[in-house]
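Trainee: Would you mind keeping the following structure in view while I ask a few things?
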DNA sequence: TCAGAACTACCTACCGGTCGGTAGCTTTTT
DNA sequence: AAAAAGCTACCGACCGGTAGGTAGTTCTGA
């Protein structure tokens with residue numbers, strides 16, 4: 001793992017995230033990635049050890065990128081309910097971020113040879129997301145939130161997020177927004193009921 | 001397409017659904033499928049035209065299998081809220097049905113060469129599921145359900161189902177049940193509020 | 001000058017798919 | 001009844017193509 005990121009390596013990583021996001025781990029070929037980076041396949045090996053290492057490097061980048069995105073969403077105060085900023089930013093994020101599309105493509109069914117390495121990264125990322133939501137929720141409802149209710153709402157919100165992630169992948173934009181709207185209703189109802197006690 | 005399903009073809013299809021569910025379209029090899037079926041790769045071509053046709057045949061089987069499963073769930077009356085039977089049967093279904101695992105694996109990111117053929121099948125299956133839920137919902141709340149509310153709850157329930165499907169793939173059994181429990185809370189709250197008006 | 005990034009050429013392994021041929025059963029023909 | 005022909009499922013061998021990866025050489029920039 002090189003500590004310095006040269007411009008050439010940057011081009012390789014950019015090409016790789018595009019190819020992996022578009023065709024997955026198996027479907028993306030090193031020749032294609034090299035071509036997109038403007039070099040030959042053999043020259044890749046001046047920058048990365050092998051395909052696995054390349055994928056892992058892209059994965060690290062993507063995780064950091066998404067962690068920053070989530071942090072920014074939770075830094076802004078949510079207008080109506082905790083976690084709202086994150087959910088409502090997903091559509092634009094999906095359109096803009098190659099790293100996000102990469103993560104969504106490979107998250108649920110990761111490439112078999114890298115399964116264990118990836119699972120750990122996903123796990124801590126999801127834990128962080130859940131922690132962010134929980135603190136936002138506690139701030140929202142004040143001090144009257146039992147651990148059990150926090151747990152339930154946390155699971156529900158993570159489920160909602162997965163549901164929106166999936167919608168980004170295989171449903172069109174129109175139905176994504178309909179789903180988001182519908183789930184916001186459920187979420188709003190339950191949180192309101194929580195606040196009233 | 002042979003109209004009669006010989007025992008040998010049946011063995012091939014059984015082997016194929018296992019391999020496709022486990023390794024995906026690209027990751028499953030015809031040699032492996034043939035080996036599981038007890039024959040050589042070349043002999044596969046006495047039963048199916050090529051890999052695409054084999055995958056499509058398995059896909060048809062899986063769709064029919066899941067349609068029957070969903071119909072059975074909605075045939076029984078739901079104890080507390082519409083769609084409950086389906087959601088609460090998913091975990092056992094995932095453990096038991098190779099066809100279900102096959103569908104989950106290939107639903108969100110289908111193999112590129114078959115994208116269009118598959119999308120149509122998924123679409124009609126999902127539409128049927130949504131229709132089943134909507135009629136169950138209408139029966140549950142009585143005549144006081146506006147089209148707009150039915151639409152919202154439909155989107156929410158489909159979102160919940162996707163969320164549970166995803167949970168089956170990459171979360172363990174314990175957290176699946178936690179998520180199911182949490183989402184049932186949201187669903188219950190919103191439907192209760194719908195019934196009261 | 002010399003390290004490293006690029007190239008050409010090549011390797012092995014595996015993929016989906018085809019080919020010619022064969023064993024064994026069924027059907028037709030004499 | 002028996003021989004001849006056809007059919008089905010199977011096989012080993014092989015094809016073209018592509019994958020990831022390596023060896024050895026040349027180019028290039030500080």
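Protein chains in written order, with UniProt numbering: chain A, 1 to 197; chain B, 1 to 197.
For each residue, glycine too, the CB sits at the ideal point set by N, CA and C.
Between residue 57/A and residue 13/B, what straight-line distance do the alpha-carbon atoms span, to the nearest angstrom?
Mentor: Along the first chain, read from residue 1 onward, the residue named residue 57/A stands at position 57. Along the second chain, read from residue 1 onward, the residue named residue 13/B stands at position 13. Rounded to the nearest angstrom, the two C-alpha atoms are 38 Å apart.
Trainee: Kindly indicate the opening and closing residues of the alpha helix (DSSP H) around residue 25/A.
Mentor: Mapped onto the first chain, residue 25/A falls at position 25. First-last of the alpha helix (DSSP H) with residue 25/A: 7 to 27.
Trainee: List, in chain order, every chain B residue whose beta-carbon is nearer than 7 Å to that of residue 170/A.
Mentor: The sequence position of residue 170/A within the first chain is 170, counting from 1. Taking the beta carbon of residue 170/A as reference, the chain B residues within 7 Å of it are 108, listed in sequence order.
Trainee: By how many angstroms is the C-alpha of residue 31/A removed from the C-alpha of residue 178/B?
Mentor: Start at 1 with the first residue of the second chain, and residue 178/B comes out as number 178. Start at 1 with the first residue of the first chain, and residue 31/A comes out as number 31. One C-alpha to the other measures close to 44 Å.
Trainee: Rounded to whole angstroms, what is the Cα-Cα separation between residue 153/A and residue 81/A?
Mentor: Stepping through the first chain from its first residue, residue 153/A is reached at position 153. Stepping through the first chain from its first residue, residue 81/A is reached at position 81. If you take the alpha carbons of residue 153/A and residue 81/A, they lie about 12 Å apart.
Trainee: Could you spell out the range, first to last residue, of the alpha helix (DSSP H) harbouring residue 106/A?
Mentor: To locate residue 106/A, count along the first chain from 1; it is residue 106. Per DSSP, residue 106/A belongs to the alpha helix (DSSP H) from 98 to 107.
Trainee: Hey, how far is the Cα of residue 69/A from the Cα of residue 186/B?
Mentor: Numbered from 1 along the first chain, position 69 holds the residue referred to as residue 69/A. Numbered from 1 along the second chain, position 186 holds the residue referred to as residue 186/B. Taking the straight line joining both Cα atoms gives about 27 Å.
Trainee: Which class does residue 187/B belong to by DSSP, given the choice of helix, strand or coil?
Mentor: Against the second chain, residue 187/B aligns to sequence position 187. In the structure shown, residue 187/B sits in a helix (DSSP, three-state: H, G or I).
Trainee: With 9 Å as the limit, tell me which residues of the segment 156 to 167 of chain A have their beta carbon closer than that to any beta carbon of chain B; keep them in chain order.
Mentor: From the segment 156 to 167 of chain A, only 156, 157, 158, 159, 160, 161, 162, 163, 164, 165, 166, 167 have a Cβ closer than 9 Å to chain B.
Trainee: Using the C-alpha atoms, what's the distance from residue 151/B back to residue 184/B?
Mentor: On the second chain, position 184 is the one that residue 184/B refers to. On the second chain, position 151 is the one that residue 151/B refers to. Near 18 Å, if we compare the C-alpha coordinates of residue 151/B and residue 184/B.
Trainee: Using a Cβ-Cβ cut-off of 8 Å (strictly less than) and excluding sequence neighbours within five positions of residue 168/B, which residues of its own chain qualify?
Mentor: The residue you call residue 168/B lines up with position 168 of the second chain. Excluding sequence neighbours, residue 168/B sits near 90, 91, 94, 104, 176.
Trainee: Looking at residue 17/B and residue 74/B, is the spacing between their C-beta atoms short of 8 Å?
Mentor: Working through the second chain from its first residue, we reach residue 74/B at position 74. Working through the second chain from its first residue, we reach residue 17/B at position 17. Their beta carbons are not under 8 Å apart, which means residue 74/B does not touch residue 17/B by this criterion.
Trainee: How many angstroms separate the CA atom of residue 76/B from the CA atom of residue 143/A?
Mentor: In the second chain, the residue the question calls residue 76/B occupies position 76. In the first chain, the residue the question calls residue 143/A occupies position 143. Rounded to the nearest angstrom, the two C-alpha atoms are 42 Å apart.
Trainee: Measure the alpha-carbon distance for residue 133/A versus residue 15/A and round it to whole angstroms.
Mentor: As a first step, residue 133/A must be located in the first chain, where it is residue number 133. As a first step, residue 15/A must be located in the first chain, where it is residue number 15. Across the structure, residue 133/A and residue 15/A are spaced so that their CA atoms are roughly 33 Å apart.
Trainee: Secondary structure at residue 165/B, three-state DSSP: helix, strand or coil?
Mentor: If you number the second chain from 1, residue 165/B lands on position 165. Secondary structure of residue 165/B (DSSP, three-state): helix.
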